[in-house]
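Protein chains in written order, with UniProt numbering: chain A, 1 to 371; chain B, 1 to 466. Just so you know, even glycine gets a beta-carbon here, dropped at the ideal spot from N, CA and C. These numbers come from a predicted model, not from an experiment. Right, one structure below, let's go through it.
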């Protein structure tokens, strides 16, 4: 019996969809890369975030809101299945501003975005100045001007999310192959065959969730796979007692007590390294946000590559020339995990991806290119 | 990065132990002025720690410790840009050389280095057994640091356990200092010593070490220190402090009351700096350690990077000194100096020394099946309190590499940066996947290579744009 689905990529996108499909009774094989492959799933900050998402595409803002609403139940379900605590908190979050100009620009953007469609008027947010923020962010430094608060935002441990998805997939019979990098995919009358140095694997349908690997794997299947790397760098400090401070994209305290510092966007090609200049700058900004962190010891740092589409919004595409082949590319795999595991898996399973989520297909880039 | 705040050096040396001191001195004698970064406040490395102002005499520390004086004096005489108390916490190969982030006096400075000699030494092997995290349980090396730095001697007779020359050296030093160990638990079976008969050449080259070891053993025995050979298992127990040590021999567990246990399961190259620079490593089955690649003749690991001393493979202090010397000669040769006559005897002496090493490696092998035989509650990662059982569970859930295992369990995420659990994690994965140590792989090492605070980072950042 051939498998129903081959999923290329064992990151948080591939595993969420694998979980969703297996939950619907489909047989799934996941082919994953090497331990040291480019892995955004292991390099991100763990925000389940709504505010500011979709500035270029209100549909993406709707999706983020929708997924964040589904997250509490999703997290509970995974924990029930696997016993793994995702450290998920639907606590609200604050995106900081460092001067009046930034604060002004932010508010203007948000006002326009959240008036764009009727469903987005449900998004709640407000600008709070430094004094007002000190309640949610005790110890906030003088260099911070204020920030936008939204109750829809939250945080989780992205590594435990990934682990829980693995554990859940395992119990549902997903066939997972680590260290099996796919070099090419062939379409035939009965389905698809993926080739790797470890052998060939066949299924009726194939889903690319290969992160930046989409660039080479997608086009031969009639999919755009238009993604490029955008590097982030992250620092983690030693542990501290819980502070109750709300998460911010710039800095958050994790459930295990360390402060995670990030929010850098860099064009560095495929270099996942950390740079002296950026680490210094991140340290400086962390101390500006919470001056007491000057004493905190840096324990880890890493660089990781975001999987970025041309407009920053997710790319969900179904191939026209090779029916049964799909490509999923997005840099928001944590926030959207709840959506990926449910509606997206369902839309693929019922082969209605193009109908329901056509806005997110690669066609939008062709229009821009020719128009 | 090469703005005005970046320092430049033609030759930089990391570490001021025997290898670093020898390299620096030789280069200085040829008119070069190398920069030497070292963690400690005074030169000597681990072996000659505090030798600039010894806390204890030859009667306690032994001749080999004081032998370092000659090297130390040579180092202190030479014209060297010596920077004690410097932590190289960041390193990256860039263009023609290496960029270093060096923390000293609470400020991080960026250094652009054309030629880099790494002489950062060894560390004690992390070797899990139940209770190794208890207060009262220490590695023997830490015991020796206390001895050298502060003349600190245990106030109760300690139990020493493990394998390797340092175990007996420390026991002998404690005895001479008036605190004979309560018991020595040697993991090597007594029959291991028959190895010497099978390796006559190595035995001959290693006679200095063997006689020294035999002498120490005899002194310990005469003083009534009991040695138990062939320990198969070890367990430390107590709450919260160590109260008893249990050991298994010939299939039977026995116990001894103790409030201090010092363990030693050999030393391995300290990997952070070389791995952080992306230099390739291979599992060395005889040293039972990951060892970085380097060119045998020049000791170069990459263009502009030389690896010397125990950080490049355990060879001991004398070998480290020769390697430092050889790396200096490689650099001088590239600058057109005639060095061949000076090189040849060094290479020959080094070859003899390494032949003796093979014997020590065979004598003091750690048991490869040890980790798999530990109970599942045994902590592998002490920083994050991750047990063997948790790692097994994560591997069963699909963690198929060190990175994934770390992500799933937090193993190796703590302040020691995976130094203590890295080898164990590779051993577990190799066992689980039925593959080799090399194929199982190792953690990806990233900065900070040494501790630094956010405040120190902030103070070192370029001033924010107005």
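Helix, strand or coil at residue i [DSSP, three-state]
i              : result
residue 306(B) : strand
residue 71(B)  : helix
residue 90(A)  : coil
residue 272(A) : coil
residue 195(A) : strand
residue 287(A) : helix
residue 17(A)  : helix
residue 370(A) : Because residue 370(A) carries a pLDDT of 40, less than 50, the predicted location of this residue cannot be relied on, and the following value inherits that uncertainty. It is helical.
residue 18(B)  : helix
residue 417(B) : coil
residue 176(A) : strand
residue 61(B)  : helix
residue 163(B) : strand
residue 202(A) : strand
Neighbour-count burial assignment, residue i, 16 or more Cβ in a 10 Å radius
i              : result
residue 223(A) : buried
residue 341(B) : exposed
residue 150(A) : buried
residue 17(A)  : buried
residue 285(B) : exposed
residue 319(B) : buried
residue 120(B) : buried
residue 106(B) : exposed
residue 327(A) : buried
residue 252(B) : exposed
residue 300(A) : buried
residue 36(A)  : exposed
residue 276(A) : buried
DSSP bridge partner residues for residue i (one or two, in chain order)
i              : result
residue 182(A) : Paired residues: none, contrary to the question.
residue 326(A) : 207(A) and 318(A)
residue 99(B)  : 92(B) and 112(B)
residue 144(B) : Answer by DSSP bridge pairing: none, since residue 144(B) is not bridged.
residue 381(B) : 386(B)
residue 303(A) : 233(A)
residue 155(A) : 47(A) and 89(A)
residue 138(B) : 262(B)
Residue i versus residue j: straight-line alpha-carbon distance, rounded
i              : j              : result
residue 166(A) : residue 343(A) : 19 angstroms
residue 158(A) : residue 442(B) : 22 angstroms
residue 200(A) : residue 341(A) : 26 angstroms
residue 382(B) : residue 248(A) : 30 angstroms
residue 257(B) : residue 258(A) : 38 angstroms
residue 209(A) : residue 7(A)   : 7 angstroms
residue 372(B) : residue 161(B) : 19 angstroms
residue 260(B) : residue 183(B) : 11 angstroms
residue 10(A)  : residue 169(A) : 11 angstroms
residue 74(B)  : residue 82(B)  : 13 angstroms
residue 59(B)  : residue 65(B)  : 11 angstroms
residue 67(A)  : residue 164(A) : 18 angstroms
residue 321(B) : residue 304(B) : 20 angstroms
residue 435(B) : residue 207(A) : 30 angstroms
residue 289(A) : residue 263(A) : 13 angstroms
residue 148(B) : residue 55(B)  : 6 angstroms
residue 237(B) : residue 378(B) : 12 angstroms
residue 306(A) : residue 395(B) : 27 angstroms
residue 433(B) : residue 398(B) : 11 angstroms
residue 208(B) : residue 355(B) : 13 angstroms
Under 9 angstroms from the C-beta of residue i: neighbouring residues of chain B
i              : result
residue 295(A) : 453, 454 and 455
residue 155(A) : Going along chain B, no residue has its Cβ under 9 angstroms from residue 155(A), so there is no contact; the nearest lies around 17 angstroms.
Per-residue contacts from residue i into chain A (C-beta, under 9 angstroms)
i              : result
residue 99(B)  : 276
residue 413(B) : 236, 256, 258, 299 and 300
residue 92(B)  : 273, 274, 275 and 276
residue 95(B)  : Neighbours of residue 95(B) on chain A: none; closest Cβ ~14 angstroms, over 9 angstroms.
residue 25(B)  : Simply none; closest approach about 30 angstroms.
Chain B contact residues for residue i, given Cβ-Cβ distances below 8 angstroms
i             : result
residue 36(A) : 401, 403, 441 and 444
Contacts of residue i in chain A (Cβ-Cβ under 7 angstroms)
i              : result
residue 408(B) : 159 and 163
residue 448(B) : 298 and 301
residue 398(B) : 166, 170, 176 and 178
Contact list for residue i against chain B, beta-carbon separation under 7 angstroms
i              : result
residue 287(A) : 454, 455 and 458
residue 281(A) : 461
residue 42(A)  : 403 and 407
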